[in-house]
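The structure appears below as structure tokens.
Number of protein chains: 2
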Amino acid sequence: MSPHRLRPLSFLIVSLLMLAFSETSLSARTASRVSEFKLANGMQVVVVPDHRAPVVTHMVWYRVGAADEPRGTSGIAHFLEHLMFKSTDKIPMGEFSKIVSRLGGQDNAFTGHDATSYFQRIAKDRLGTVMEMEADRMVNLRLTEKEVLTERDVILEERRSRVENNPGAIFDEQMNAALFMNHAYGVPVIGWEHEIAKLSPQDALSFYKHFYAPNNAILVVTGDVTPEEVKPLAEASYGKIPSNPAVGPRSRATEPPQRAARRLEYKDPRAGKPSFHRYYVAPSYVTAEPGEAEALDILVKVLASGSTSRIYQRLVVKDKIASSASGYYSGSGKDYGKINLSAVAQDGQTLAAVEAGIDAVIAEVREKGVTDAELERAKSAYIAEYVYESDNQARLARRYGWELVVGRTVADADAWPDKIAKVTTADVQKAAQKHFDLRRSVTGYMLPEAPEGGGQQARQPATPSRS
Amino acid sequence: MSPHRLRPLSFLIVSLLMLAFSETSLSARTASRVSEFKLANGMQVVVVPDHRAPVVTHMVWYRVGAADEPRGTSGIAHFLEHLMFKSTDKIPMGEFSKIVSRLGGQDNAFTGHDATSYFQRIAKDRLGTVMEMEADRMVNLRLTEKEVLTERDVILEERRSRVENNPGAIFDEQMNAALFMNHAYGVPVIGWEHEIAKLSPQDALSFYKHFYAPNNAILVVTGDVTPEEVKPLAEASYGKIPSNPAVGPRSRATEPPQRAARRLEYKDPRAGKPSFHRYYVAPSYVTAEPGEAEALDILVKVLASGSTSRIYQRLVVKDKIASSASGYYSGSGKDYGKINLSAVAQDGQTLAAVEAGIDAVIAEVREKGVTDAELERAKSAYIAEYVYESDNQARLARRYGWELVVGRTVADADAWPDKIAKVTTADVQKAAQKHFDLRRSVTGYMLPEAPEGGGQQARQPATPSRS
Chain S
0 MSPHRLRPLS FLIVSLLMLA FSETSLSART ASRVSEFKLA NGMQVVVVPD HRAPVVTHMV
60 WYRVGAADEP RGTSGIAHFL EHLMFKSTDK IPMGEFSKIV SRLGGQDNAF TGHDATSYFQ
120 RIAKDRLGTV MEMEADRMVN LRLTEKEVLT ERDVILEERR SRVENNPGAI FDEQMNAALF
180 MNHAYGVPVI GWEHEIAKLS PQDALSFYKH FYAPNNAILV VTGDVTPEEV KPLAEASYGK
240 IPSNPAVGPR SRATEPPQRA ARRLEYKDPR AGKPSFHRYY VAPSYVTAEP GEAEALDILV
300 KVLASGSTSR IYQRLVVKDK IASSASGYYS GSGKDYGKIN LSAVAQDGQT LAAVEAGIDA
360 VIAEVREKGV TDAELERAKS AYIAEYVYES DNQARLARRY GWELVVGRTV ADADAWPDKI
420 AKVTTADVQK AAQKHFDLRR SVTGYMLPEA PEGGGQQARQ PATPSRS
Chain Y
0 MSPHRLRPLS FLIVSLLMLA FSETSLSART ASRVSEFKLA NGMQVVVVPD HRAPVVTHMV
60 WYRVGAADEP RGTSGIAHFL EHLMFKSTDK IPMGEFSKIV SRLGGQDNAF TGHDATSYFQ
120 RIAKDRLGTV MEMEADRMVN LRLTEKEVLT ERDVILEERR SRVENNPGAI FDEQMNAALF
180 MNHAYGVPVI GWEHEIAKLS PQDALSFYKH FYAPNNAILV VTGDVTPEEV KPLAEASYGK
240 IPSNPAVGPR SRATEPPQRA ARRLEYKDPR AGKPSFHRYY VAPSYVTAEP GEAEALDILV
300 KVLASGSTSR IYQRLVVKDK IASSASGYYS GSGKDYGKIN LSAVAQDGQT LAAVEAGIDA
360 VIAEVREKGV TDAELERAKS AYIAEYVYES DNQARLARRY GWELVVGRTV ADADAWPDKI
420 AKVTTADVQK AAQKHFDLRR SVTGYMLPEA PEGGGQQARQ PATPSRS
């Protein structure tokens, strides 16, 4: 979920990059390229020029996601994202993407718990056209009963193929529902099936009319343009749309104190090898103390990211109780972050042994922290990824759009590498001591067994037979 | 929670009662006393005459409870119940109960997930007065900022004393939050502390103005009155209040498929002896198949109610691994019911042993069902309780009010003993096979240990040392 962790990098490249940028502040390089302004109707605009090729990435972000849905209408944010590709008075039914394609561009959209975004990558001279099109569907969407109901079937089918046919996705839903006691992060973005099935054209329309407005949106344009070029285009398209005074600041139900370590066991014959999973609720970059989220990013990277990580080295390489192990910290949420650790049991090993192994690694890092070498390696990797990402139009647009949509700033995005560089081993150890708290966690076992229905389930994890 | 299970009875009394009522339908006796009518504004009225003493019980039930609260404002239903005792134009601040008391009566109120009710027990000639008072506060409540904020502190203190000082209550909150993945039954009626602390006068007022209306209320009067006496009094008081067309039928988020058996462990030094708890989501009387809830009532009584129950006999008397054991089925919810089993470990015994013992008893009942003798004993006990309850004004008022408020009927309430009488051993076994499904359960251990905070917790239940 973090926009900062998108591709693996070799250490050679990292070292070269560190060499190249060690003299100046890393953040200064991108920051100087970013312009921000606001339209009279309240729409935020961010422009990041990049003149290497005559293309632009145009993104509109709405400050609304699945966690803003009225209770009982889960999936409506994602459903509306689909419906945005239907029709307006100007765009015939289902033509939006085809028009973008005929203009030589590509488009897509994304719905998360905290944001919904729409984007096109297109030749620079077509930017005005896609801005007109995006502004048009911000308020002029036509939703007929028939189209809405047909699309609902499409989404139910999408859920069946992406969730119901995927034991890992079903398991993840059950884990998140157990992890969050009160916050809507416990509800899947795509929605619960029985609630999707009841979504009405009226649900979609109310949601659309309330949340889709320029004062609830952020425009990000990266690529071969200048702020001076974007401004008149934005004013001529989005600028004509009145703001909606009904959209207030987001207010969501938050978690009560989590006081009891939770566990769950999911049995599914399609599950593959038995696997262990641990989710911890943690703060996000938005809600963490200064430096805390950065320390969590480093902590979980050292512990669980890739084959050099401590958990991998201990469980897979040394003790041979797991055949794979990984983990990440998702710090991008508006309200909460999450630490995710998982491992697949080696044939003949139990999940209890895997769990004990991971808990031993966690106990060690809580007691002794990480080494200077681990800290530096993690920092270098993050900073290199950040620099690479800064060379990618779409990723830059995503970086700034995401930061703004969850309530952070362009300056926050730009300061990230410097803040990562300042993390100390003491910060990492403190984060481990504070956030590896089983009371705020769910431990899950996924087992390739028939669900027992009304039957009794063994309390002890099953020992897989040797294959 | 079921209104039908309120006091233990000796089998001698039961037998006498069975003798007395064996000739006629049990339900006919009470049913013939009940009158129902509706006021022009939609308010339902039920009158149950009982002329043995010149007193009446007057109850008003609102079709709103904690499970109807807007997300993030938990506790507002209960908060409003408190505020209803403040003032109106006619009732000075805090005088409501004092006036009832000066009239020689008693009053109180109750908030649950599905209902809020207000009641007075009073001399029959004062009925008109309390009806005027209750009708007055249905729509004329005065809520000043100062009074609301003062009362909020009272409720926070109530929560501290009832929940925070009670490990069992904290544990129960964590269990319910884990049991319900989507439905608001997972949120405590009193509210989460951090949400209560933010409740505003505006939250209370919006909730009040929306839900408190005659068309969303049920009046139940039991005691020394006739329907002919109640009707003009009701018309003169409640009848003058206009209905609120904005209150629609209740619609709540329901559960997605529960697919993973859940567990949790709560450690609290104040917890007393280690105890085992298992909650299962089940249907309620409202949502069950015909006869299913009655079978669940009998099943759980045989299994876990009292010292003659199977679990008690096995774990406490025979195997001596538990020092106490009990359980009940709560079938009164509008949307779901719950089976609750619990046991305290005998000194020197583990909770794992207790759990295995209980699961063995469950497995046995699933496989072999209950005996005819157990079935008959459970039926006799329920029917006797029902008959006793029918002699108690307040309980009768509660019985009919509850049934109507969750969407059932007077006829449903009256048919209950006959339906209980029809349950077969096959019905009970089928209920056990269907509803003792660990995937729809949470198993919890409460342990008298210091919470470990960021520390690791043992996966194995602690073995208590011998005392």
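These protein sequence lines are chains S and Y, in that order.
Going by numbering that gives the first Met the number 0, the first sequence opens with residue 0, and the numbers climb by one from there.
Going by numbering that gives the first Met the number 0, the second sequence opens with residue 0, and the numbers climb by one from there.
Note that beta-carbon positions come from the ideal geometry of N, C-alpha and C, so glycine has one too.
Here the alpha carbons of Ala270 of chain S and Gly167 of chain S stand approximately 7 Å from one another. The DSSP assignment places complete beta strand (DSSP E) segments of no fewer than 3 residues inside the region 235-303 of chain Y at 259-266, 274-281, in order along the chain.
Judged by DSSP secondary structure, Thr424 of chain S falls outside any beta strand (DSSP E) and instead within the alpha helix (DSSP H) spanning 424-434. For Met132 of chain Y, there is no enclosing beta strand (DSSP E); the enclosing alpha helix (DSSP H) covers residues 126-138.
The C-alpha of Glu234 of chain S is placed about 16 Å away from the C-alpha of Arg136 of chain S. Within the region 91-120 of chain S, the beta strand (DSSP E) runs of at least 3 residues that lie entirely inside it are, in chain order, 105-110.
Distances from the CA of Asp346 of chain S to each of S:Asp411, S:Ser331, S:Ser323 were compared; the closest alpha carbon is that of S:Ser323. Nearest CB-CB separation between Ala260 of chain S and chain Y: below the 8 Å threshold.
Here Lys378 of chain S carries a helix assignment [DSSP, helix/strand/coil]. In the structure shown, the three-state DSSP call for Pro48 of chain S is strand. In the assembly as shown, Lys89 of chain S is an exposed residue. Its beta-carbon has fewer than 16 other beta-carbons within 10 Å.
At a beta-carbon threshold of 7 Å, the residues of chain Y lying near Gly71 of chain S are Ser250, Arg251, Ala252, ordered along the chain.
Between Arg70 of chain S and Ala252 of chain Y, the CB-CB gap stays under 8 Å. Within its own chain, the residues whose Cβ lies closer than 8 Å to the Cβ of Tyr265 of chain Y, once the five positions on either side in sequence are excluded, are Pro166, Ile169, Phe170, Gln173, Gly443, Tyr444, Met445, Leu446, listed in chain order. The contact set of Ile90 of chain S on chain Y, defined by CB atoms closer than 7 Å, is empty, because the minimum CB distance reaches about 34 Å.
With contacts defined as CB atoms closer than 8 Å, Val405 of chain Y and Glu35 of chain Y fail to qualify as a contacting pair. Going by beta carbons, Asp202 of chain S and Ile75 of chain S fall inside the 8 Å limit. Taken residue by residue, none of the region 138-152 of chain Y has a beta-carbon sitting less than 7 Å from a beta-carbon on chain S. The beta-bridge partner set that DSSP reports for Trp60 of chain S consists of S:Ser116, S:Ile217. Rounded to whole angstroms, the separation of the alpha carbons of Gln312 of chain Y and Gly305 of chain Y is 9 Å. Contact between the region 241-258 of chain Y and the region 149-167 of chain Y is not established, with fewer than three Cβ pairs separated by less than 8 Å.
For the pair Val343 of chain S and Lys272 of chain S, the CB atoms are nearer than the 8 Å cut-off. Around the CB of Met92 of chain S, fewer than 16 other CB atoms lie within 10 Å, so the residue is classed as exposed.
For Asn175 of chain Y, the enclosing alpha helix (DSSP H) covers residues 166-178. By the Cβ-count criterion, Leu148 of chain S is exposed, with fewer than 16 other Cβ atoms from all chains shown falling within 10 Å of its own Cβ.
Among the residues of chain Y, those whose CB is under 7 Å from the CB of Tyr265 of chain S are Arg258, Ala259, following chain order. Note on geometry: alpha-carbon atoms of Val360 of chain Y and Asp67 of chain Y lie some 37 Å from one another.
Neighbours of Ile169 of chain S across chain Y, judged by C-beta separation under 7 Å: Arg258. Within the model, the alpha-carbon separation for Tyr381 of chain S versus Pro416 of chain S is close to 8 Å. Taking a contact as a CB-CB distance under 8 Å, the pair Leu218 of chain S and Val44 of chain S counts as one, their CB atoms being some 5 Å apart.
Proximity of chain S to Arg269 of chain Y at the Cβ level (cut-off 7 Å) is not reached, the minimal Cβ distance being about 13 Å.
A Cβ of chain S is located within less than 8 Å of the beta carbon of Arg438 of chain Y.
For the region 380-416 of chain S, the full-length alpha helix (DSSP H) segments reaching 4 residues or more read 392-404 along the chain.
Cβ proximity to chain Y below 8 Å picks out Gly185, Val186, Trp191, Glu192, His193, Glu194 from the region 185-196 of chain S. The beta carbon of Ala245 of chain S sits no closer than 8 Å to any beta carbon of chain Y. By the neighbour-count criterion, in which a residue is buried when 16 or more other Cβ atoms sit within 10 angstroms of its Cβ, Glu194 of chain Y is buried.
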